[in-house]
Amino acid sequence: MTVDAWQVCKVRNSEYPFSLLLKVPPDPIGVVIIAPGLGSGHESPRNAYLSTILHAGRIATVGLQIDDNGSSPSSETARLLATFLEAAIDYLIGHSQVCDLGIGILGSSLGGAAAVIAAANSRFAVRAVVLRGARLDLAEYALAAVRAPALLMAGGKDFQVKRMNEAICVQFGGLTQLKVIEEASHLFEEPGAIEAVAQASLDWFKRHLPVRKAVLSDGPDAVRRSCTAKPGSGPLLFKDRTHAGRLLGEKLRCETNGANAFDCVVGIARGGLVVAHAVAAVLNLPLDLLVVRKLGIPGMEEHAMGAVTSSGNIMIDNEIAVAITQRLLDSRVGIAIKECRRLEGIFRDVQIKKDLQA
1 MTVDAWQVCK VRNSEYPFSL LLKVPPDPIG VVIIAPGLGS GHESPRNAYL STILHAGRIA
61 TVGLQIDDNG SSPSSETARL LATFLEAAID YLIGHSQVCD LGIGILGSSL GGAAAVIAAA
121 NSRFAVRAVV LRGARLDLAE YALAAVRAPA LLMAGGKDFQ VKRMNEAICV QFGGLTQLKV
181 IEEASHLFEE PGAIEAVAQA SLDWFKRHLP VRKAVLSDGP DAVRRSCTAK PGSGPLLFKD
241 RTHAGRLLGE KLRCETNGAN AFDCVVGIAR GGLVVAHAVA AVLNLPLDLL VVRKLGIPGM
301 EEHAMGAVTS SGNIMIDNEI AVAITQRLLD SRVGIAIKEC RRLEGIFRDV QIKKDLQA
C-alpha cells in the first residue's frame with residue numbers, strides 16, 4: 001500500500017485550504033474520493049472500514065480533512081463541500097500515480113449532496129458515484145447534470161431519507177439504482193449494515209471505474225487496433241491530445257479510403273486545437289479554429305446553462321436558465337463574447353506568425 005503524506009490543497013478561485021490523504025493499493029483499478037458528512041471525517045470507523053474494503057478490491061481512496069466549523073446541513077454548505085471535492089478531483093487528474101484511473105465519489109449525508117454537485121460540475125471526470133443516506137434535497141438542482149452511474153443506498157428505518165431518495169432518484173441524468181438496507185438506520189450502525197454498504201459500494205465501483213486503455217505504441221497496426229475497438233467496450237485513454245488526433249486522422253483516412261472528403265479541420269480552442277492540428281497533419285488539410293465560451297450558472301460556474309462563440313452565436317438551455325434574469329443573462333453573454341474574440345485574436349495571431357515562419 002502506497003500512502004501519500006497529507007497534501008494541502010486550495011479550492012478553485014479561493015485561498016481556503018484543506019488537506020487530503022491518498023492511499024493506493026497495488027495494481028489499482030480506480031480511485032474513490034470519500035466525501036464525509038458533517039462531523040464525520042476520514043478517521044471515522046465507518047469511513048475507515050469502507051476504505052479498507054475498497055483497498056482490498058484494488059481501489060485507491062482519498063480521505064479529506066476539512067474543518068466544518070460546526071456548520072449545519074444546508075445547500076450552501078453542500079456547495080462549499082463540493083468545491084473541496086472538485087479540488088480533490090483536480091489533484092487526482094494531475095497526480096502521476098493515479099491520473100489514468102477512473103475517479104469515483106462515495107458520499108454520505110451532506111457529503112452525498114456535495115458528491116452530487118461535484119459530479120455535476122466535473123461530469124467528464126467522474127465515472128461513478130455511491131451515495132449513502134444522502135441529503136439529495138440539498139442538491140436537487142444538480143441531479144439532472146449527473147451523468148455518472150449513481151448507486152443510492154438508504155436505511156430501511158431511515159424513513160425520511162428513504163422516501164426522499166425514492167422520489168428523487170428518477171431525476172438523475174444517468175444510470176441510477178436505489179438499494180435499501182432494510183434493518184439499517186441513518187448511520188448504518190446496525191450489525192451487518194455497514195458491511196452491506198461496503199460490499200455494494202465495491203461492486204458498483206469495480207463495475208464502473210475501470211478504464212480501458214488505448215494501444216499506445218505507434219505504427220499502422222496499433223492505430224488500426226485502437227480505431228476498430230468494439231462499441232460499448234469503454235472509452236479510450238491516450239498518451240495526449242496529439243496521440244488522440246493522430247488516431248482519429250488515421251481512422252478518418254481509412255474510412256474514406258484516402259479520398260479527399262473534407263475541406264478543412266476545425267478545432268475548438270483551446271485543447272481541441274491540439275487534436276485538430278494532429279488530424280489536419282495526417283489528412284494534409286488546412287486548420288481553422290472555433291472559439292467557444294461556456295456560460296456557467298451563477299454560483300455553480302462549472303455547470304453550463306449555455307455557450308457563445310466569437311461570431312456572436314448564442315445557445316441557451318432555457319430549462320436550466322429559467323431562474324436567471326434577462327439582465328444578468330445579457331451581461332454574462334456580453335462578457336463571454338468579448339473573451340471569445342480576445343482569445344480568437346491571440347490564436348489567429350500565433351497561427352499567422354507560424355505560417356510566415358514556415
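In case it helps, my numbering puts the sequence shown at residues 1 to 358. A virtual CB, placed ideally from N, CA and C, is assigned to each residue, including glycine.
No residue range can be given for LYS157, since it is assigned to no beta strand (DSSP E) and is classified by DSSP as neither H nor E. Its chain contains GLY271, VAL274 and VAL275 as the residues whose beta carbon lies nearer than 7 Å to that of ARG241, once the 5 sequence neighbours on both sides are disregarded; these appear in chain order. The closest CA to that of CYS264, considering only VAL282, ARG163 and LYS251, is found on VAL282. With distances taken between CA atoms, PRO36 lies nearest to LEU50 out of ASP27, PRO26 and LEU50. ALA114 and ALA82 have their alpha carbons spaced roughly 4 Å apart. In the three-state DSSP reduction, ARG348 falls in the helix class (H, G or I). Per DSSP, reduced to three states, the secondary structure at PHE262 is coil, with no helix or strand assignment. With fewer than 16 neighbouring CB atoms inside 10 Å of its own CB, GLY299 falls in the exposed class.
In terms of Cβ geometry, GLN171 and ALA144 form a close pair [threshold 8 Å]. The three-state reading of DSSP puts SER122 in coil, since its state is none of H, G, I, E or B. If you ignore the 5 residues before and after GLY245, its C-beta comes within less than 6 Å of the C-beta of VAL275, ALA278 and VAL279, all in its own chain and listed in chain order. Between the beta-carbon of LYS179 and that of LEU151 there is about 6 Å, and that keeps the pair under the 8 Å contact cut. The shortest CA-to-CA distance from GLY63 to any of ALA154, MET153 and LEU20 is the one to LEU20.
Membership of ILE93 in the alpha helix (DSSP H) is indicated by the continuous run 75-93. For GLY133, the number of other beta carbons within 10 angstroms of its own is at least 16, and it is reported as buried. Look at HIS186 here: in three-state DSSP terms it is coil, with no helix or strand label.
The continuous stretches of beta strand (DSSP E) do not include ALA281, which lies in the alpha helix (DSSP H) extending over residues 271-283. Taking a 10 Å sphere around the C-beta of MET153, we find 16 or more other C-beta atoms and assign the residue as buried. Under DSSP, ALA336 shares a beta bridge with no residue.
Look at the beta carbons and you see the segment 191-208 not touching the segment 110-125: under three pairs across the two are nearer than 8 Å. Put simply, the backbone Cα of GLY107 is about 8 Å away from that of VAL129. Counting the other Cβ atoms within 10 Å of the Cβ of ILE105 gives 16 or more, which makes it buried. Taken through DSSP and simplified to helix, strand or coil, VAL32 comes out as strand. Going by C-alpha positions, ARG79 is about 7 Å away from ILE117.
Here ILE324 carries a coil assignment [DSSP, helix/strand/coil].
Here the alpha carbon of ALA304 sits roughly 9 Å from the alpha carbon of ASP317.
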